[in-house]
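Structure first, then comments.
Encoded structure:
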């Protein structure tokens with residue numbers, strides 16, 4: 352089945368509110384029941400966070416038709432007619448049993464009933480309720496509107512049909528349902544978290560490291576791997592070309608070493624090695640270590656860029672190897688008539704749904720080429736810090752040929768003309784392999800006194816460097832594209 | 352001190368090679384010593400990975416001047432004159448002691464000597480070597496050229512001066528050195544990893560979940576939090592407005608619950624609660640829960656976008672709420688003369704070093720506006736799948752006003768003219784708060800038969816919708832910007 356038409360959210364705290372936000376923004380009508388008189392205010396705050404996140408994910412996109420959000424006075428009224436019932440009440444078994452009794456009495460025969468409990472067993476919660484066959488644990492992670500994983504754990508009475516239906520329902524709202532084979536206290540995620548937590552408590556109590564140091568080791572290190580690959584896939588790469596079995600055989604003995612205060616370990620025998628190695632093979636779906644390394648590095652680069660854009664954590668550390676030299680002004684104008692202002696490749700993330708470099712990336716490349724030329728005439732980032740800058744006031748791009756991801760490109764730049772306040776530039780973007788012209792960019796830049804907020808003459812030294820470029824390029828032909836206009840009637 | 356001038360890398364496997372790549376790309380000369388006859392081939396592969404990653408981080412940027420990489424036959428020759436010596440030999444104490452003896456004999460008095468060991472104690476390694484006061488553990492994570500964290504652990508003989516100097520040296524090459532207060536087997540990161548690993552082995556052995564399921568719980572869930580905030584900061588947010596102390600008091604009892612097979616737990620007393628709560632306060636540096644939630648969500652959104660660009664993990668799940676409707680063609684042309692084709696905000700990551708929306712993002716917005724109009728005439732993603740598409744062949748942008756991050760904007764679009772194969776569009780981008788015109792975009796689009804690789808007439812139904820727009824907009828004045836050209840001489 353597809354998306355639920357109506358969902359009931361029972362309990363509207365941080366988790367319940369996160370469910371409501373995810374469901375509403377996915378276009379599902381939500382009826383919420385929560386005895387807290389402050390529930391609406393809290394939910395409004397969560398909805399605002401979720402809407403803000405969605406607007407950043409899809410800038411300028413209409414968020415489809417959001418679902419209707421209604422508040423009900425009783426669990427029964429909220430549950431009535433819902434395809435999905437999600438309970439997120441406090442973690443007390445007696446309370447949850449009572450709530451699920453009410454849910455079961457009001458639920459339709461084919462509703463899926465999920466509990467957000469992070470530790471209680473579904474068999475205990477469902478023991479006496481009606482419709483127990485439809486009830487299961489569906490344990491999400493905070494913030495529910497952004498994190499996709501949900502652990503699906505059936506109890507003794509849960510039907511296979513309900514589990515199968517739940518897997519499609521949660522996937523339909525953008526989640527990643529993972530089905531655990533057996534019920535167990537705390538399921539999988541909280542077990543892993545609890546193990547790390549207990550180890551961390553020892554590290555703090557024993558004075559090895561502070562909370563901040565422990566967090567830093569995570570967010571500058573292993574967390575960057577965990578955001579894209581889990582432990583087993585990461586270790587598969589750690590084994591290198593020799594693969595997972597080799598890694599396991601090497602790593603096994605450490606189970607006997609005093610590497611943790613938590614010492615109850617399973618027997619490290621051939622059966623366990625076989626089980627893990629074959630599960631790891633299945634998980635890799637035939638991808639070689641080299642392919643997985645490339646995927647890992649691509650993901651890491653883009654995660655680091657994402658964090659850099661927010662000036663946070665590992666991203667804030669990234670050093671641009673050229674930046675020091677640019678800032679210190681140590682970027683001299685190269686000799687010669689032809690100025691190569693950019694060379695690089697079409698990034699894999701620069702393509703559109705046609706598989707070609709998407710149009711705004713052409714301007715990104717031209718913009719980088721312009722920045723390089725500005726550095727050469729003394730107008731780079733260090734100059735901007737003095738309070739003046741060059742603003743692009745006009746741009747004219749002609750697209751001539753398409754180019755695919757990974758292909759090398761280069762930009763040649765011609766200074767068409769300049770006066771005291773303006774620079775008129777022309778960029779030619781070439782494919783390197785075929786030497787074909789991909790696009791041209793004609794740009795007018797204005798020198799601006801940012802403090803005064805108006806155009807101003809550039810400094811003499813900068814003007815002299817522009818004069819030098821103009822002299823050197825005096826022999827270049829004036830490109831046909833210069834001064835051209837767009838229009839159907841010209842043809 | 353700043354960057355080292357010369358570094359010696361002793362052992363060139365996955366970790367040593369990663370060190371060499373990070374150092375060389377940071378502009379440091381590296382002398383490498385490794386007895387493996389295959390060392391150069393392996394290192395070349397790692398260098399290629401690292402160079403590829405750097406090119407993606409900084410597209411088209413000159414990677415400064417990379418350091419020189421030389422191979423030496425002996426440890427002594429590699430170490431001679433190095434400011435930093437990094438040993439990454441196999442994890443055998445006798446071997447490491449022998450290597451550090453040689454390193455100590457050849458090292459200059461002020462060299463920093465780091466061992467990449469992931470578990471051996473620095474006091475054991477340094478016990479008998481010369482220059483033991485300069486030796487410490489400096490434990491990185493794979494891939495060293497991308498992951499910044501390095502655990503700095505001194506031994507009994509390590510001087511405070513050497514630790515202080517190491518903290519600046521490793522930071523100078525873009526790393527995050529974290530100093531542990533005491534030496535301990537496996538340090539911090541591998542303790543956390545080992546705790547999770549041991550718990551995971553139980554989960555597999557007991558048949559609760561497979562390796563893939565466990566990894567999925569990590570990469571679709573907790574790993575996305577760990578990439579930006581560690582455990583303690585995450586739990587601080589979990590406590591909501593009531594803060595970390597409240598969270599700890601609630602969470603404490605779970606230490607006595609059977610939530611892990613690893614049961615040796617510290618006493619959960621007021622001292623431990625005080626210690627953690629105050630360390631968490633220090634770490635938050637005065638940021639409120641609400642501020643931290645916003646940071647968390649911004650990071651999550653950008654990490655998810657990063658993974659989406661690579662069609663991997665949690666990113667591959669992100670649903671565009673509008674996409675279903677666009678794909679199914681259910682996006683009808685709105686009525687009226689004025690067509691609003693885009694509205695949204697300047698994303699916080701769209702600004703340049705002047706703090707304004709950077710130039711290529713204007714084209715990104717115009718491009719989204721064009722896409723919306725194409726959807727309305729039946730030329731959206733579903734149409735592209737039939738083998739035809741609209742390509743932008745020419746673009747002319749005029750910048751009129753600047754706009755800062757977070758500001759709302761909207762685009763109005765006018766169909767200037769069209770024929771069988773071409774559409775001539777004009778976008779006006781307005782700031783919503785002041786109603787001021789920020790920029791205009793004039794675009795010529797060509798209808799292309801992608802299979803034949805040439806222009807082709809658009810379908811009649813699409814042409815009819817263009818005719819409808821043209822009729823409705825017949826009363827709009829022709830913008831002055833249409834058909835304009837760029838040039839200094841016009842002024």
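Chains as they are written, first to last, in our numbering: chain F, 352 to 842; chain U, 352 to 842. Where is the CB? At the ideal position from N, CA and C, for every residue including glycine.
### Task
Specify the secondary structure class of residue 841 of chain U as computed by DSSP and reduced to three states.
Its pLDDT being 43, under 50, residue 841 of chain U is placed unreliably by the model, and the measurement read from it follows with that caveat. The answer is coil: DSSP assigns residue 841 of chain U none of H, G, I, E or B.
### Task
Output yes if chain U places a C-beta closer than 7 Å to the C-beta of residue 765 of chain F; else output no.
no
### Spatial neighbours of residue 771 of chain U in its chain, beta-carbon cut-off 6 Å, leaving aside the 5 residues before and after
808
### Message
Just to make sure I have the definition right: I need the residues of chain U whose C-beta is within less than 7 Å of the C-beta of residue 693 of chain F. Which are they?
### Response
411
### Message
Would residue 492 of chain F and residue 369 of chain F be called neighbours here (beta carbons separated by less than 7 Å)?
### Response
no
#### Entry: Cβ shell of residue 363 of chain F (< 6 Å), same chain only, five flanking positions each side left out
383, 385, 390 and 394
### Element boundaries [beta strand (DSSP E), containing residue 779 of chain U]
773-782
### residue 809 of chain U: first and last residue of the uninterrupted beta strand (DSSP E) it sits in
Residue 809 of chain U -> no beta strand (DSSP E), and no H or E assigned at all.
### Query
Could you give the distance in angstroms between the alpha-carbon of residue 836 of chain F and the alpha-carbon of residue 790 of chain F?
16 Å
### Task
Kindly say whether residue 657 of chain U, judged by its beta-carbon, lies nearer than 7 Å to any beta-carbon of chain F.
yes
### Task
Pull up the CB-CB distance for residue 550 of chain U and residue 542 of chain F, whole angstroms please, since I reckon it's below 8 Å.
5 Å
### Message
So, under 8 Å CB-CB, residue 668 of chain F and residue 527 of chain U are touching, yes? Tell me the CB distance rounded to an integer number of Å.
### Response
6 Å
### Message
Which of the three DSSP states is assigned to residue 394 of chain U in this structure?
### Response
helix
### Query
What does residue 644 of chain U touch in chain F if you count any residue whose Cβ is under 7 Å from its own?
400
### Message
Which residue wins for smallest C-alpha separation from residue 646 of chain F, given the options U/648, U/663, U/638 and U/640?
### Response
U/663
#### Entry: chain U within 7 Å of residue 374 of chain F, Cβ atoms only
no
### Task
Pull up the distance between the alpha-carbon of residue 842 of chain F and that of residue 814 of chain U, whole angstroms please.
A caution first: residue 842 of chain F carries a pLDDT of 40, below 50, which makes its placement in the model unreliable, though a value can still be read off. Looking at the two C-alpha atoms, the distance is approximately 20 Å.
### Task
Taking only runs that begin and end inside the region 567-604 of chain U, name each unbroken alpha helix (DSSP H) of 4 or more residues, in chain order.
574-577, 582-589 and 594-602
### Task
Report, in whole angstroms, the separation of the C-beta atoms of residue 702 of chain F and residue 709 of chain F, which I expect to be a contact under 8 Å.
6 Å
### Query
Would you call the CB atoms of residue 375 of chain U and residue 411 of chain U closer than 7 Å?
no
### Message
What are the residues in the region 563-594 of chain F lying within 7 Å of chain U by C-beta distance?
### Response
563, 564, 565, 566, 567, 568, 569, 570, 571, 572, 573, 574, 575, 577, 578, 579, 580, 581, 582, 583, 584, 589 and 591
### Query
How many Å lie between residue 706 of chain F and residue 756 of chain F at the Cα?
7 Å
### Message
Under 7 Å, Cβ to Cβ, is there at least one residue of chain U near residue 354 of chain F?
### Response
no
### Message
Contact criterion: CB-CB distance below 7 Å. Does residue 492 of chain U meet it with respect to chain F?
### Response
yes
### Task
Compile a chain-ordered list of the residues in the region 416-432 of chain U whose CB is closer than 9 Å to at least one CB of chain F.
416 and 417
### Message
Distance check for residue 585 of chain U and residue 481 of chain F, CA to CA, integer angstroms please.
### Response
37 Å
### Task
Go ahead and label residue 421 of chain U buried or exposed: buried means 16 or more other beta carbons lie within 10 angstroms of its beta carbon, across all protein chains shown.
exposed
### Query
At least one CB of chain F closer than 7 Å to the CB of residue 847 of chain U: is that the case?
The structure shown has nothing for residue 847 of chain U, since chain U only spans 352 to 842.
### Query
So which residues on chain U does residue 548 of chain F lean against when the C-beta distance must stay under 7 Å?
582
### Task
Identify which residue in U/371, U/817 and U/437 has its Cα closest to the Cα of residue 462 of chain U.
U/437
### Message
Just to confirm, is the Cβ distance from residue 468 of chain U to residue 488 of chain U under 7 Å?
### Response
yes
### Query
Name the chain F residues whose beta carbon is nearer than 8 Å to that of residue 789 of chain U?
Those do not exist, as residue 789 of chain U stays about 12 Å from chain F at its closest Cβ, beyond 8 Å.
### Query
Hey, is residue 634 of chain F's beta-carbon within less than 7 Å of any beta-carbon in chain U?
yes
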